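The structure appears below as structure tokens.
Protein chains: 2
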Amino acid sequence: MCDKLKNLKNNEFKIALLLSQKILSAKELQNLINVDKATIYRNIKNLLKKEIIREIKNSNGVGFYELNCKIHNPIHPHFECIICNKIYCLKALNSEDVLALSNYSPFEIKEIEVKFKGICNECKK
Amino acid sequence: MCDKLKNLKNNEFKIALLLSQKILSAKELQNLINVDKATIYRNIKNLLKKEIIREIKNSNGVGFYELNCKIHNPIHPHFECIICNKIYCLKALNSEDVLALSNYSPFEIKEIEVKFKGICNECKK
DNA sequence: ATAGAATTTGCAACTTAATTGCAAATTTGA
DNA sequence: TCAAATTTGCAATTAAGTTGCAAATTCTAT
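If you're matching them up, the sequences are chains A and B in order. According to numbering that gives the first Met the number 0, the residues represented by the first sequence are 0 to 124, in order. According to numbering that gives the first Met the number 0, the residues represented by the second sequence are 0 to 124, in order.
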């Protein structure tokens, strides 16, 4: 388990633990742990502020969250299915590719997001 | 002007013309042409369906729209300011970099989005 | 030109993700 | 163990985007 999770209290810990397994939306989290949505969103905000989790929005503007743990979960591209709008995590970009990309920005980069869109295998069936 | 715009009627044309100059949100478009927001959104939907414009969402889930005109406006990365959430268009990716990126996806890619985040020059002042 | 069909518009109501105020409940810590 | 600080649930709110419907506009065939 990622060290960052050790000092978290109850609900933040539960959320971070679930996200360490799988990228999830606020609604999916709410279905897994039985607390009010306001609590879910407040905990998500705290975890984002502490940089323990990352947010990825799908094309409908729905936020998905994943653990931000350098060793187990480095920054990686995502694939969004244009049918079901599910988000898939892909393998991490290597440093040469990150470097190549960063040359396109005239401003200092704090974060890079790469998202592919298409139809996932589930929806192709 | 991009050929695609020639056959558009009044409001779709106005919107496409504005977007050929600058990436804009629905609200910004509404401030520029005086029509109901439902009309703005309906026209945006039509233009998206015809693939005359493209949508980029900022981190707040607000859609920004830009002309999708191969010659004048090929697919390119965007920069989002984490302070003002403004979207900037950057220079287009070259084909080698697109190829390198596409190797990360196990699914067939219909679209690639690259977004950098940081603080823009306006907000740094 | 003009009547009828088809399309587009404005308005108001609605949907959905996310946020917020507030009082109650829980946790913390001296 | 009791007061202060934090967290929670509930209900109301915000904001982007959507939709139903009737009125207005545009298109088309004669």
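Idealized CB from N, CA, C, for every residue including glycine. Small disclaimer: the values here were computed from a predicted structure and weren't measured.
Just so you know, the alpha carbons of Cys-68(B) and Cys-80(A) end up roughly 24 Å apart.
For the stretch 19-35 of chain B, the beta-carbon criterion of a distance under 9 Å to any beta-carbon of chain A is satisfied by none of its residues. Put simply, the stretch 93-107 of chain A touches the stretch 90-106 of chain B. At least three CB pairs are less than 8 Å apart.
If you compare the alpha carbons of Glu-110(A), Lys-85(A), Ala-15(A), Asn-45(A) with that of Gly-117(A), the shortest gap goes to Lys-85(A). In terms of Cβ geometry, Ile-43(B) and Lys-13(B) do not form a close pair [threshold 8 Å].
With its beta carbon less than 8 Å from one in chain A, Leu-92(B) belongs to the interface. DSSP, read as helix, strand or coil, puts Cys-80(B) in strand. Judged by their CB atoms, Ala-15(A) and Ile-51(A) are nearer to each other than the 8 Å cut-off. With a beta-carbon spacing of about 17 Å, Phe-63(B) and Ser-104(A) fall beyond the 8 Å limit used to define contacts. In this chain, the alpha helix (DSSP H) harbouring Lys-44(A) covers 36-48. Under DSSP, the beta-bridge partners assigned to Glu-65(A) are Arg-53(A). Comparing alpha carbon positions, the residue from Ala-91(B), Lys-114(B), Glu-11(B), Asn-9(B) closest to Glu-107(A) is Lys-114(B).
Within its own chain, the residues whose Cβ lies closer than 6 Å to the Cβ of Leu-18(B), once the five positions on either side in sequence are excluded, are Ile-52, Tyr-64, Glu-65, Leu-66, listed in chain order.
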